[in-house]
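Residue numbers (the working numbering): 132 to 210. Ideal placement from N, C-alpha and C gives every residue a C-beta, glycine not left out. All remarks here apply to the structure that follows.
As structure tokens, then:
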């Protein structure tokens with residue numbers, strides 16, 4: 132498992148917001164609800180999205196969103 136990471140720069144912050152907003156659109160939920168799923172119900176934001184920023188941000192939007200939603204399901208988050 133990856134170490135929890137903190138957002139270190141504006142690129143990572145913008146990417147985190149991009150992920151949250153686009154997952155919310157895909158799942159037809161509000162962004163605050165998705166943020167809570169990624170931070171309170173799991174550590175996906177600090178344990179996957181931020182540590183894997185360098186790899187993830189080079190992928191397509193659909194790949195990123197599908198990958199994170201798949202991980203949410205694997206971790207038992209009701210999506």
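DSSP state of residue i mapped onto helix, strand, coil
i, result
"residue 178", "helix"
"residue 136", "coil"
"residue 201", "helix"
"residue 153", "helix"
"residue 170", "helix"
"residue 210", "coil"
"residue 190", "coil"
Residue i to residue j span [Cα, whole Å]
i, j, result
"residue 172", "residue 135", "14 Å"
"residue 100", "residue 187", "Nothing about residue 100 can be read from this structure; the chain reaches only from 132 to 210."
"residue 166", "residue 190", "21 Å"
"residue 145", "residue 176", "13 Å"
"residue 169", "residue 157", "15 Å"
"residue 143", "residue 183", "10 Å"
"residue 193", "residue 137", "24 Å"
Candidates the options: closest to residue i by CA position
i, options, result
"residue 139", "185, 210, 156", "185"
"residue 151", "170, 162, 143", "162"
"residue 197", "142, 137, 147, 153", "153"
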